[in-house]
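To start, the structure itself, in structure tokens.
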Amino acid sequence: MKLETWEKNLYAVWVSQFLALMGANLVFPFIPFFVADLGIESKSDAALWSGILATATGAMLFISSPLWGSLSDRFGRKNMLLRAYAGATVTITAQAVVQNVWQLLILRGLQGAFVGTIPAATALIAGGTPQKRMAYALGLVQMAVFTSQTIGPVVGGVMASALGYRTTFAVGGLFYVVSFVVCLVFVKEEFRRPEPHERASYIQNLRAVMNVPAMLLLITVMFLVSSAAVFVRPVVPLVVAGFTDSSVATKSGFVFAAVALPSAVAAVVSGRFAVRTGYRNALVVATLGAGLAYIPVAIANSLLPMMLLMALVGIFSGAMIPMVNALIGAAAPEGKHGSAFGLVGSAQALSFAVAPLLGGITAKQLGIHAGFPIIGTMLVVVAGLVWLTVREPAALLRDEAIAEQAPSPSR
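Below is the structure:
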């Protein structure tokens, strides 16, 4: 069976993204301990610095994503993905040789400014995939995100224990080198650079995207659904600790895996559901289901019910981001996918920076279980908002009509 160009690109990008995000996720488990090794001895200060480092990365990603997205519409999305891999290789590898926490802060900020592989990969795939296969393709890209987030921290923790923190940073950079090579060799983008009279400025590109009636709403929905998971993430270990006195970290890892693994499967499988029901309807089902599954987590009285409910959350959550991405990809003006997904990357970066802080404040003020019904109710409201205000993009409706009118091979 001969693969079409878009399929070859999709699978090559999947491999490169999985490896790249593995490299990024290797270092998350030990950042607070690495900070302590750099001279921040107090546990509370190390925790504070870990938060500052995460905020620096997210803030710079929030600022830079729209710029890189706009440039990808001018110079090619493959080139921007290669740029992101190269930037990550340099900034992550350099973190292996820092001598103090200020140097680490600068490099984590530069990492946010020059990386952003997820929006770059999403724009590349969205720009070259047939509309009727959009949900499947973007779901597969999202699957790479979920699986790397599940496996990467485990491998990174083992590697840090065996080889040390600095070596693990260097290995993380090596993962990005391999990703760069895979993308360079196997991705074939059919991109025509705009002629001088066709080129638009950064502001003009963003304006063209935001002039699409549904775009602001869809980007807002992306911010909200991206916020859902990270809002409750800081309190999960605390909730688990209420069920057990031993191996809290390990059992918390099981809870996170219970969300991530079903999400990875749902990210791909949901594409078939969306083709039959419509992308808007699939997003409504996903957000409503996730919201209703989150609410009873607050009253789970042992680890097993919590894991089962979080697995149910994962099934629905895995479909949310691919569905929003598919709707955005279909609604984006021709030749502006980079700008559109640059704004999406900005919204996601903002959610990663803001939502955990809000979740922590909520837990402090209302209790560690309060975040689950709050975020569940928010997702139910989002489902209603999408149902009432979002319409299936015309490009998707055209593809569905063509598919229905096309004669079957047996005729």
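Residue numbering for the sequence shown follows our numbering, beginning at 7 and increasing consecutively. Every residue gets a Cβ at the ideal spot worked out from N, C-alpha and C, and that includes glycine.
Inset, instruction - State the start and end residues of the unbroken alpha helix (DSSP H) segment that holds Phe-36. - result: Residue mapping note: residue 36 aligns to position 30 of the sequence shown, counting from 1. Here Phe-36 belongs to no alpha helix (DSSP H), and DSSP marks it neither H nor E.
Legend entry - Alpha-carbon spacing of Ile-327 relative to Phe-152, whole angstroms: The count along the sequence shown starts at 1 and reaches residue 327 at position 321. The count along the sequence shown starts at 1 and reaches residue 152 at position 146. Spanning the two alpha carbons is a distance of roughly 11 angstroms.
Legend entry - First through last residue of the alpha helix (DSSP H) which encompasses Asn-287: If you number the sequence shown from 1, residue 287 lands on position 281. Bounds of the alpha helix (DSSP H) holding Asn-287 are 285-300.
Inset, instruction - Would you be able to state if there are at least three C-beta pairs under 8 angstroms between the region 142-151 and the region 344-356? - result: The region 344-356, when compared against the region 142-151, does not touch it at the 8 angstroms Cβ threshold.
Inset, instruction - Grab me the residues of Ser-71's own chain with a C-beta within less than 6 angstroms of its C-beta, minus the 5 sequence neighbours each way, in chain order. - result: For the purposes of this step, residue 71 is taken as the residue at position 65 of the sequence shown. These residues qualify, in order along the chain: Gly-122, Pro-125, Gly-348, Gly-351 and Ser-352.
Legend entry - Under 8 angstroms between C-beta atoms of Val-41 and Ala-52: Residue numbering aside, residue 41 sits at position 35 when the sequence shown is read from its first letter. Residue numbering aside, residue 52 sits at position 46 when the sequence shown is read from its first letter. Contact flag set, yes.
Legend entry - Asn-307 (DSSP reduced to helix, strand or coil): Looking up residue 307 in the sequence shown gives position 301. Collapsing the DSSP output to three states places Asn-307 in coil.
Inset, instruction - With distances taken Cα to Cα, identify the nearest neighbour of Gln-109 among Phe-192, Gly-390 and Leu-59. - result: Against the sequence shown, residue 109 aligns to sequence position 103. Cα-wise, what sits closest to Gln-109 is Leu-59.
Legend entry - Enclosing alpha helix (DSSP H) for Ser-71 [first to last residue]: Position 65 of the sequence shown, counted from the first residue, corresponds to residue 71. That run of the alpha helix (DSSP H) goes 49-81.
Legend entry - Reduced DSSP category for Ile-321 - H, G, I as helix; E, B as strand; rest coil: Locating residue 321 in the sequence shown gives position 315, counting from the first residue. Three-state DSSP puts Ile-321 in a helix.
Legend entry - Same chain, Cβ closer than 8 angstroms to Leu-9, neighbours up to 5 away in sequence not counted: Along the sequence shown, one-based indexing puts residue 9 at 3. These residues qualify, in order along the chain: Tyr-17.
Inset, instruction - Figure out for me which residue from Leu-363, Arg-397, Thr-368 and Ala-389 has the closest Cα to the Cα of Thr-61. - result: The sequence position of residue 61 within the sequence shown is 55, counting from 1. Per the Cα distances, Leu-363.
Inset, instruction - Please state whether DSSP places His-343 in a helix, a strand or coil. - result: Stepping through the sequence shown from its first residue, residue 343 is reached at position 337. Helix at His-343.
Legend entry - Sequence-distant residues of the same chain with beta carbon closer than 6 angstroms to Ala-102, five excluded per side: Locating residue 102 in the sequence shown gives position 96, where the first residue counts as 1. The residues are Arg-172, Phe-175 and Ala-176.
Legend entry - Rounded C-alpha distance that separates Leu-474 from Ala-235: With the chain running from 7 to 417 in the structure shown, residue 474 is simply not present.
Inset, instruction - Answer yes or no: do Met-329 and Ala-132 have a C-beta to C-beta separation smaller than 8 angstroms? - result: Looking up residue 329 in the sequence shown gives position 323. Looking up residue 132 in the sequence shown gives position 126. At least 8 angstroms separates the beta-carbon of Met-329 from that of Ala-132.
Legend entry - Residue nearest to Gly-248 in terms of C-alpha spacing, selected from Ser-308, Val-107 and His-343: The count along the sequence shown starts at 1 and reaches residue 248 at position 242. Here the closest residue by C-alpha is Ser-308.
Legend entry - Straight-line gap, Ile-157 to Val-242 (C-alpha atoms, nearest Å): Numbered from its first residue, the sequence shown carries residue 157 at position 151. Numbered from its first residue, the sequence shown carries residue 242 at position 236. Taking the straight line from one Cα to the other gives about 18 angstroms.
Inset, instruction - Would you give the residue range spanned by the alpha helix (DSSP H) that Ile-225 belongs to? - result: The residue given as residue 225 occupies position 219 in the sequence shown. It spans 221-238 - the alpha helix (DSSP H) in which Ile-225 sits, taken as one unbroken run.
Legend entry - Spatial neighbours of Ile-37 in its chain, beta-carbon cut-off 6 angstroms, leaving aside the 5 residues before and after: Taking the first residue of the sequence shown as 1, we reach residue 37 at position 31. Cβ neighbours of Ile-37 within its own chain (closer than 6 angstroms, five residues either side excluded): Ser-56.
Inset, instruction - Could you pull out every residue in the same chain whose Cβ sits closer than 6 angstroms to the Cβ of Thr-97, ignoring the five residues on either side in sequence? - result: Residue mapping note: residue 97 aligns to position 91 of the sequence shown, counting from 1. Within the same chain, Thr-97 has close Cβ partners Leu-113, Leu-116 and Gln-117.
Legend entry - Stretch-stretch touch, CB-based, cutoff 8 angstroms, three pairs: the region 81-96 with the region 178-195: These segments touch.
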